[in-house]
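J.: Read in order, the letters of the sequence shown correspond to residues 20 to 257 in the working numbering.
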Amino acid sequence: MAQEKSFFSVQDIHAYYGESYIVQGVSFDVEEGEIVALLGRYGAGKTSTLRALARMDDPKLSQGEIYLDGLALHPLKSFQAAQAGVQLVPEDRRIIGGLTVEENLILAQVAEPKGWELERIYDHFPRLGERRNQDAITMSGGEQQMLAVARALARDIKILLLDEPYEGLAPVIVKEIESILMEVRSLGITTIIVEQNAVAALQLADKALILDMGEIVFRGSAKEVLEDKELRHEYLAI
Ligand SMILES: Nc1ncnc2c1ncn2[C@@H]1O[C@H](COP(=O)(O)OP(=O)(O)O)[C@@H](O)[C@H]1O
Ligand SMILES: [Mg+2]
């Protein structure tokens, strides 16, 4: 019997860095258009999980299945997962210095299939339009984060994986990135957000997952986490 799968379905994935067993049987589902906050303490395995989902070489997936819109991602390499619409915005943002904002965006569009056209990106991110001819690396941290998100949209996107988008940004800049992510949400782009600033992530998210020592210890609504003081205290230190 054919089984109905969720839009994004992660089934019992396990992953290793060499001998180090880090992702220890993670399963969850995300429906199309949903935003899921993946939370947990430092070292819980959040980045490792995102990297495994994006099919990076490290950590190495040893077991488990991942499906995006019916397509099996677990047999794929990272470039193939990106072509299939998995766009990871890593913590360090990977902005290319020596290239302008526009060149960074054009480079993202080189790979087929393409995502948003430049005009659409500048419509949604006017700041990037103003700075299109500036060396991208000379922009502020917040602007670089905007560019990193815009670059993900310039590729064909089915799911956005954000690793600590607010990290290192001043509160006023966090607000700006938040409003951009609100806009991304209103466009119905399915998103998984990892964030140390759990409250900010939960305000954006529909659902929440809490990871601890490579395992999921809680899954529920974002509201439940915001209202559960003990849970927040135990796993999020907030
Ligand atoms: N490249 C690596 N090689 C070996 N161990 C790693 C590597 N990256 C992370 N780890 C370990 O994996 C665990 C989970 O790390 P990580 O996924 O970065 O956690 P989080 O993003 O939740 O802070 C930690 O114990 C960390 O030390
Ligand atoms: Mg991390």
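Just so you know, even glycine gets a beta-carbon here, dropped at the ideal spot from N, CA and C.
Among 185, 153 and 40, which has the Cα closest to the Cα of residue 115?
T.: Among 185, 153 and 40, the Cα nearest to that of residue 115 is on 153.
J.: Which class does residue 205 belong to by DSSP, given the choice of helix, strand or coil?
T.: Note: residue 205 maps to helix in three-state DSSP.
J.: Assuming residue 167 and residue 120 form a contact by the criterion Cβ under 8 Å, report the distance between their Cβ atoms to the nearest whole angstrom.
T.: Contact flag wrong, Cβ pair sits at about 11 Å.
J.: Among 169, 57 and 36, which residue has its Cα nearest to the Cα of residue 141?
T.: For the residues 169, 57 and 36, the minimum Cα distance to residue 141 belongs to 169.
J.: Pull up the distance between the alpha-carbon of residue 32 and that of residue 145, whole angstroms please.
T.: Their backbone Cα atoms lie some 39 Å apart in a straight line.
J.: So, are the CB atoms of residue 229 and residue 58 less than 8 Å apart?
T.: Cβ distance < 8 Å, so residue 229 and residue 58 count as in contact.
J.: What residue range does the beta strand (DSSP E) around residue 35 cover?
T.: Residues 27-36.
J.: Between 122, 83, 81 and 132, which has its C-alpha nearest residue 106's C-alpha?
T.: When only C-alpha atoms are compared, the closest one is 132.
J.: So, are the CB atoms of residue 129 and residue 85 less than 8 Å apart?
T.: No, these two residues do not count as a Cβ contact at 8 Å.
J.: Rounding to the nearest angstrom, what Cα-Cα distance links residue 70 and residue 42 in this structure?
T.: Each residue's Cα considered, the two are about 10 Å apart.
J.: Give me the pocket residues for ligand 2, defined as CB within less than 7 Å of any heavy atom, sorted by chain position.
T.: Those residues are 65, 66, 110, 182, 183 and 213, given in chain order.
J.: I'd like the list of long-range same chain contacts for residue 77, defined as Cβ closer than 8 Å, with 5 residues on each side in sequence excluded.
T.: Contacts found: 36 and 70.
J.: Which of the three DSSP states, helix, strand or coil, is assigned to residue 185?
T.: In this structure, residue 185 counts as coil in the three-state DSSP scheme.
J.: Quick one: give me the first and last residue of the alpha helix (DSSP H) that residue 141 is part of.
T.: First-last of the alpha helix (DSSP H) with residue 141: 137-143.
J.: For residue 73, verify whether its CB is less than 7 Å away from any heavy atom of ligand 1.
T.: False, no ligand heavy atom lies under 7 Å from that Cβ.
J.: For a test of your reading of the model: does the CB of residue 32 fall under 7 Å from any non-hydrogen atom of ligand 1? Yes or no.
T.: For ligand 1, not one heavy atom lies less than 7 Å from the Cβ of residue 32.
J.: Where does residue 124 sit, in a helix, a strand or coil, going by DSSP?
T.: Helix at residue 124.
J.: With the cut-off set at 8 Å, would you say residue 184 and residue 162 are in Cβ contact?
T.: Contact: no.
J.: Return helix, strand or coil for residue 246, following the three-state DSSP convention.
T.: In this structure, residue 246 counts as helix in the three-state DSSP scheme.
J.: Can you check whether the CB of residue 178 is closer than 8 Å to the CB of residue 47?
T.: No.
J.: Check for me: the beta strand (DSSP E) holding residue 59 runs from which residue to which?
T.: Residue 59 -> no beta strand (DSSP E), and no H or E assigned at all.
J.: Hey, how far is the Cα of residue 171 from the Cα of residue 250?
T.: Rounded to the nearest angstrom, the two C-alpha atoms are 33 Å apart.
J.: Distance, Cα to Cα, residue 159 vs residue 122?
T.: Looking at the two C-alpha atoms, the distance is approximately 17 Å.
J.: Which of the three DSSP states, helix, strand or coil, is assigned to residue 238?
T.: Strand at residue 238.
J.: Quick check: residue 56 and residue 256, are their CB atoms within less than 8 Å of each other?
T.: No.
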